[in-house]
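Here the structure comes first, spelled out in structure tokens, and everything after it is commentary.
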Amino acid sequence: MDDDDIRTLVTRLSRPHPSGGKVIERAAILAEGSDSSAILSWIVAHGEAEDLVPVAAGGGLHSARGHDGGAPKAPLRYVLPPGALSATP
3 MDDDDIRTLV TRLSRPHPSG GKVIERAAIL AEGSDSSAIL SWIVAHGEAE
53 DLVPVAAGGG LHSARGHDGG APKAPLRYVL PPGALSATP
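Going left to right, the sequence shown walks through residues 3 to 91 as our numbering numbers them.
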């Protein structure tokens, strides 16, 4: 995929973000199939991964049992600043 194809696809899949830019879900990118790695690379070059919100620990019987295994998690969303999807001359 070339730069214009990726920009068009990201524009179609993204939605407005409170910052004034756009946000795109990682699941939507991965659903694009084999081109998803090129799309993710383009997005990281033009925007940033949204910080994950820490999960509050509950106080139940099994709260000490770790459910995430300590594995790092991939970002769920990516935020593009205002104007990142504008075609640049």
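Built from N, CA and C at the ideal position, the CB exists for glycine as well. Remember, predicted model here, so these are calculated numbers, not experimental data.
Same chain only: Cβ atoms within 8 Å of Leu-32, ignoring 5 sequence neighbours per side: Ser-38
Length of the line joining the Cα atoms of Pro-91 and Leu-11: Residue confidence is low: Pro-91 scores 48 on pLDDT, short of 50, so the model does not pin down where it sits. Its coordinate-derived value is still stated next. Approximately 19 Å, taken between the alpha carbons.
Beta bridge counterpart(s) of Leu-82 as assigned by DSSP: Lys-24
C-beta contact flag for Ile-26 and Arg-79 at 8 Å: yes
For Ala-51, three-class secondary structure by DSSP: Note: Ala-51 maps to strand in three-state DSSP.
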